[in-house]
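Residue numbers (numbering that gives the first Met the number 0): 0 to 229.
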Amino acid sequence: MPDEFAGFSLGLLHFLEELSRNNNRKWFEANRDRYERELREPALAYIAAMERPIQKISPHFTAVPKKMGGSLMRIHRDVRFSNNKQPYKTNVGIQFRHEAGKDVHAPGFYFHVDTEGVFVAAGVWHPDSESLKAIRDTMDEYPTDWKRARDAKAFRERFELAGDSLKRPPRGYGIDHPLLDDLKRKDHIAVANLDHDVLFDKSLVKLTADYFRVTRKYMQFLCEAVGVDF
Numbered sequence: 000m001p002d003e004f005a006g007f008s009l010g011l012l013h014f015l016e017e018l019s020r021n022n023n024r025k026w027f028e029a030n031r032d033r034y035e036r037e038l039r040e041p042a043l044a045y046i047a048a049m050e051r052p053i054q055k056i057s058p059h060f061t062a063v064p065k066k067m068g069g070s071l072m073r074i075h076r077d078v079r080f081s082n083n084k085q086p087y088k089t090n091v092g093i094q095f096r097h098e099a100g101k102d103v104h105a106p107g108f109y110f111h112v113d114t115e116g117v118f119v120a121a122g123v124w125h126p127d128s129e130s131l132k133a134i135r136d137t138m139d140e141y142p143t144d145w146k147r148a149r150d151a152k153a154f155r156e157r158f159e160l161a162g163d164s165l166k167r168p169p170r171g172y173g174i175d176h177p178l179l180d181d182l183k184r185k186d187h188i189a190v191a192n193l194d195h196d197v198l199f200d201k202s203l204v205k206l207t208a209d210y211f212r213v214t215r216k217y218m219q220f221l222c223e224a225v226g227v228d229f
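What follows is the structure, given as structure tokens:
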């Protein structure tokens with residue numbers, strides 16, 4: 000692993016594009032050295048470089064540069080219950096998880112690369128019913144705190160709230176509730192889209208850390224709602 004993260008190379012996008020056209024074990028094994036060189040090694044270097052910035056945002060989030068079981072999501076797809084039997088993911092996914100993330104649906108930070116673009120995200124995706132109810136109840140009980148987090152200027156200038164929503168109000172909330180759109184959300188994630196060019200810049204660590212930093216109030220609200228430290 001390099002001592003200092005120097006950005007990804009254009010070879011990463013070439014590798015992902017070719018993998019999308021040759022998504023099979025024979026091709027992957029023949030190109031495993033490219034996977035290591037263009038994807039896994041620089042991704043682990045990026046994660047290592049992000050450890051200090053993530054800890055500055057909150058000491059309860061982790062950046063773990065391990066080949067398996069760390070922040071880098073595995074490239075192998077779980078095809079057991081999927082109609083899509085392609086064995087490999089055609090993207091880079093990096094999660095900076097909450098320290099309690101293995102035990103509860105805790106919010107986290109996420110960095111994503113594919114052939115279409117790059118994005119960073121913060122929040123909790125597909126929370127379980129208990130966690131989702133806790134978030135809704137906290138919004139309802141502390142609406143001012145929620146709106147302060149949701150509408151913070153720097154946050155809304157860079158991020159958009161995303162994810163799935165219910166078509167009807169959740170149980171216990173009326174159609175006239177002032178926070179209805181937020182209460183209907185099934186995911187609580189904020190997403191910011193970036194250009195591919197950022198991948199090749201040595202300042203990628205600073206750039207993504209700056210994006211994650213402006214989500215602090217949003218992430219703090221979600222963490223407190225589900226009962227984990229921020």
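Even for Gly, the Cβ is constructed at its ideal location relative to N, Cα and C.
It is roughly 14 Å from the alpha-carbon of G173 to the alpha-carbon of M138.
Less than 8 Å divides the Cβ of G122 from the Cβ of A189. The C-alpha of D194 lies about 6 Å from the C-alpha of V117.
Separation of the CB atoms of R36 and L71 is rounded to 15 Å, and the pair is thereby denied contact status at 8 Å.
In this chain, Y210 is not harboured by any beta strand (DSSP E); it is covered by the alpha helix (DSSP H) spanning L203 to R212. L206 has its alpha-carbon roughly 21 Å from the corresponding atom of H59. Between the C-alpha atoms of H187 and K65 there is a straight-line separation of about 27 Å. When rounded, the separation of the alpha-carbon atoms in P41 and G6 is 7 Å.
Within its own chain, the residues whose Cβ lies closer than 6 Å to the Cβ of D113, once the five positions on either side in sequence are excluded, are N90, listed in chain order.
If you look at V225, you'll find it in the alpha helix (DSSP H) that goes R215 to V225. For G6, no alpha helix (DSSP H) segment is defined, and its DSSP state is neither H nor E.
Taking all protein chains shown into account, A29 has fewer than 16 neighbouring C-beta atoms within 10 Å of its C-beta and is therefore exposed. DSSP places E159 in the uninterrupted beta strand (DSSP E) bounded by E159 to A161. Taking L160 as reference, the option from L11, A208, L182 and G171 with the minimal CA-CA separation is L182. Residue environment analysis places Q85 among the exposed positions, since fewer than 16 neighbouring C-beta atoms fall within 10 angstroms of its C-beta. Taking Q94 as the centre and dropping the five residues before and after it, the same chain places the C-beta of S70, M72, G107 and Y109 closer than 7 Å to its C-beta, in chain order.
Straight-line measurement puts the Cα of R149 at about 36 Å from the Cα of S19. With respect to the C-alpha of R212, the residue from K25, A44 and S57 having the closest C-alpha is S57. Looking at I46, A99, K166 and N82, the one whose alpha-carbon comes closest to that of F4 is I46.
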